[in-house]
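Residue numbers (the numbering used here): 398 to 582. Built from N, CA and C at the ideal position, the CB exists for glycine as well. Here the structure comes first, spelled out in structure tokens, and everything after it is commentary.
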């Protein structure tokens with residue numbers, strides 16, 4: 398019994414050592430290999446040249462364009478229209494514009510509650526602004542996911558909901574701003 402234990406232990410240690418040596422940092426795994434442009438004939442699944450992140454400069458410009466609540470609602474509507482135009486015939490050959498519009502819409506919708514507060518939107522509308530922004534983000538994300546999955550963007554399936562949510566925001570944008578002390582928490 399005392400002989401079997403050390404042999405079994407040594408065998409197990411040897412198997413562990415072999416397994417660990419295969420996972421050393423010098424041998425890259427597919428999960429840690431950086432994503433690069435596919436070569437000719439390669440798979441494009443890992444690289445999407447059309448889904449470029451929004452730059453800091455673009456974010457700054459977008460913040461300026463959407464600095465007040467009514468302007469932000471107009472920006473959202475413009476991005477909605479750009480997305481619909483770009484995807485009306487299915488997946489565009491170069492979906493860069495659609496990706497950019499969807500990414501920008503997502504940013505403005507994330508900022509919308511803060512913009513509403515800073516623009517003097519009365520407190521009674523803050524919850525509606527927040528829930529409406531979240532609903533719009535969900536609808537736009539469906540289109541974005543379809544494009545990313547190389548499926549029909551199917552903007553028409555969410556257009557009615559998007560238009561309804563934007564109409565709510567437009568209505569709120571038309572309300573007079575709250576008095577100075579009323580809109581601040």
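beta-carbon residue i near the ligand MN non-hydrogen atom, thresh 8 Å
| i | result |
| --- | --- |
| residue 554 | In the structure shown, the ligand MN is absent, as is every other ligand, since no ligand is present at all. |
Short Cβ contact (9 Å threshold) for residue i with residue j
| i | j | result |
| --- | --- | --- |
| residue 527 | residue 504 | no |
| residue 536 | residue 511 | no |
| residue 498 | residue 480 | yes |
| residue 471 | residue 517 | no |
| residue 572 | residue 519 | yes |
| residue 523 | residue 534 | no |
Buried or exposed by the 16-neighbour rule on C-beta atoms within 10 Å, applied to residue i
| i | result |
| --- | --- |
| residue 501 | buried |
| residue 492 | buried |
| residue 553 | exposed |
| residue 424 | Any reading at residue 424 is ruled out, since the residue's pLDDT is 35, under 50, leaving its predicted position unreliable. |
| residue 546 | exposed |
| residue 478 | exposed |
| residue 435 | Residue confidence is low: residue 435 scores 36 on pLDDT, short of 50, so the model does not pin down where it sits. Its coordinate-derived value is still stated next. Per the 10 Å Cβ criterion, exposed. |
| residue 570 | buried |
Close-in-space but distant-in-sequence residues of the same chain around residue i (CB under 6 Å, 5 per side omitted)
| i | result |
| --- | --- |
| residue 530 | 506 and 509 |
| residue 474 | 563 |
| residue 465 | 516 |
| residue 532 | 562 |
Host alpha helix (DSSP H) of residue i (start-end)
| i | result |
| --- | --- |
| residue 468 | 466-484 |
| residue 496 | 493-515 |
| residue 452 | Note, residue 452: premise wrong, no alpha helix (DSSP H); not H, not E. |
Proximal residues to residue i (C-beta, below 8 Å), its chain only, five neighbours per side dropped
| i | result |
| --- | --- |
| residue 487 | 549 and 550 |
| residue 565 | 525 and 529 |
| residue 489 | 483 and 495 |
Proximal residues to residue i (C-beta, below 7 Å), its chain only, five neighbours per side dropped
| i | result |
| --- | --- |
| residue 567 | 470 |
Any C-beta of chain C under 9 Å from that of residue i
| i | result |
| --- | --- |
| residue 472 | Here there is only one protein chain, and chain C is not present. |
Please give the ranges of any alpha helix (DSSP H) in the stretch 542-570, keeping only runs that are unbroken, at least 4 residues long and fully inside the region. 553-570
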